[in-house]
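Single-structure report; data block below.
In our numbering, the protein residues as written are 6 to 284.
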C-alpha cells in the first residue's frame, strides 16, 4: 500500500492532496504544527472518503525544526512503512513592503518555506535512494517565478525552492527518485482570506485581477503530475509562459506591473502582518 507523507496537510492544498490519496486507498501521514487542526483534518478525510482513521496518521511538528521533522517522519514510517511519496505543502506568507519587514520576517519565511522543505526531503531522501524509488513533490508558488510587490521575502523563499529542486533532480534521478516542483496561483483556502487583509494595495492591483483557483483543482493537477513524474508543474497560461519562456515574458509583465502599481498609489496602504499559507 502506498504511503504518502504531506507536510502542511491539515488544510488548504495539502489537505486537498491528502483527500485524493485517501480516496485512492493510500496510507496518508499528515504533518503540521497544530494538533487540533490535524485531528479535525483526520476526521474530515475519513468521513468524506468513507475511510478508517487508522489509514490517516497525524503528527504535530514545526517544519522549521529539523529534529522535529526527522522524528515525525520516523514515527510515520514506523507505523505505515517507508515513504513512497512526499508532498511539501507547509509554508507561511508575510506580505508587506520591504522597509516594513524586519530581518526576522525574512528569516521566518526562509526557515519554513525553504528550509522546512529541505528538512522534510532530507528525512525521506536516503531511504528512497536505498530502495531505488520514490517521488518528492515540492510546492513552490507562482511567486517563485516572478517577483511581486510586497512579497520580497516570500518570493525569495519560493524562488529558492526552484533552484533546490533543479539541482536535486540531477542527483536523485540516477537513484530512481523523482523530483517535482509546482507553482500554484492564488488558491481558495482559509489562509488566503487572512493574507488578503495584509496584502499591500499595489499587490492587490496586480494579483486581484486573477480569480483564485479552488484547492481541489490545484490538488488534482499536482497529483496527476506526480503520477506522470513531471518535473515542473504550472497552472494557467501566464504561469506556464513564465516557467517556459521567463526571460521573454518578464519584461512585458514588468511593464504591466509598473503601470498597475502606479494606478494604485493613491490607495490607503495596508498594514503588514502574518498569515499561514498551506502552499
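Heads up, the beta-carbon is just placed ideally off N, CA and C, and yes, glycines get one too.
Since the model is a prediction, treat every value here as computed from it, not as a measurement.
Closest to residue 94 by C-alpha separation, out of 120, 112, 101, would be which residue?
120
Taking residue 238 as part of the beta strand (DSSP E), name the residues at either end of that continuous run.
237-239
So the beta strand (DSSP E) residue 33 belongs to, where does it begin and stop?
The continuous beta strand (DSSP E) containing residue 33 extends over residues 32-37.
So, residue 35 versus residue 63, is the Cβ gap smaller than 8 Å?
Yes, the Cβ-Cβ distance between residue 35 and residue 63 is below 8 Å.
Based on Cα-Cα distance, which residue from 176, 136, 221 lies nearest to residue 192?
221
Can you have a look at residue 178 and say buried or exposed, based on whether 16 or more other CB atoms are within 10 angstroms of its CB?
exposed
Counterpart residues of residue 64 in DSSP-defined beta bridges:
36
For the alpha helix (DSSP H) holding residue 157, just list the boundary residues, first then last.
157-177 is the span of the alpha helix (DSSP H), which, as asked, contains residue 157.
Closer than 7 Å by C-beta to residue 239: which residues in its own chain qualify, once you throw out the five before and the five after it? Chain order, please.
188, 245, 248
Counting along the chain, where does the beta strand (DSSP E) carrying residue 121 start and finish?
In the DSSP annotation of this structure, residue 121 is not part of any beta strand (DSSP E); the continuous alpha helix (DSSP H) holding it starts and ends at 121-136.
Residue 280 versus residue 99: straight-line alpha-carbon distance, rounded:
The pLDDT assigned to residue 280 is 44, lower than 50, so where the model puts this residue is not dependable, and the model offers no usable value.
Residue 96 and residue 117 - do their beta-carbons sit closer together than 8 Å?
yes
How many whole angstroms separate the CB atoms of residue 56 and residue 27, which I take to be in contact at a CB cut-off of 8 Å?
5 Å
What's the gap between the Cα of residue 134 and the Cα of residue 13?
Taken atom to atom, the span from the alpha-carbon of residue 134 to that of residue 13 is near 24 Å.
On the criterion of 16 or more Cβ atoms from any shown chain inside 10 Å, does residue 84 qualify as buried, or is it exposed?
exposed
Could you tell me if the beta carbon of residue 130 falls within a distance shorter than 7 Å of some heavy atom in the ligand MG?
Among the components modelled here there is no ligand, and therefore nothing to report on the ligand MG.
Give me the Cα-Cα distance between residue 217 and residue 18, rounded to the nearest whole angstrom.
Cα to Cα, residue 217 sits roughly 12 Å from residue 18.
Using the Cβ count rule (16 or more neighbours within 10 Å means buried), how would you classify residue 231?
Counting Cβ neighbours within 10 Å, residue 231 comes out buried, since at least 16 surround it.
Considering only the alpha carbon of each residue, which of 37, 15, 8 lies closest to residue 31?
8
Distance between residue 137 and residue 256 (C-alpha atoms, nearest Å)
The C-alpha of residue 137 is placed about 42 Å away from the C-alpha of residue 256.
Whole-Å CB distance - residue 46 paired with residue 16, under 8 Å assumed
Cβ atoms of residue 46 and residue 16 come within 8 Å of each other, at about 7 Å.
Sufficient close CB pairs (3 or more, under 8 Å) joining the stretch 157-173 to the stretch 99-114:
yes
My output table needs one value for residue 47: the three-state DSSP class, helix, strand or coil.
helix
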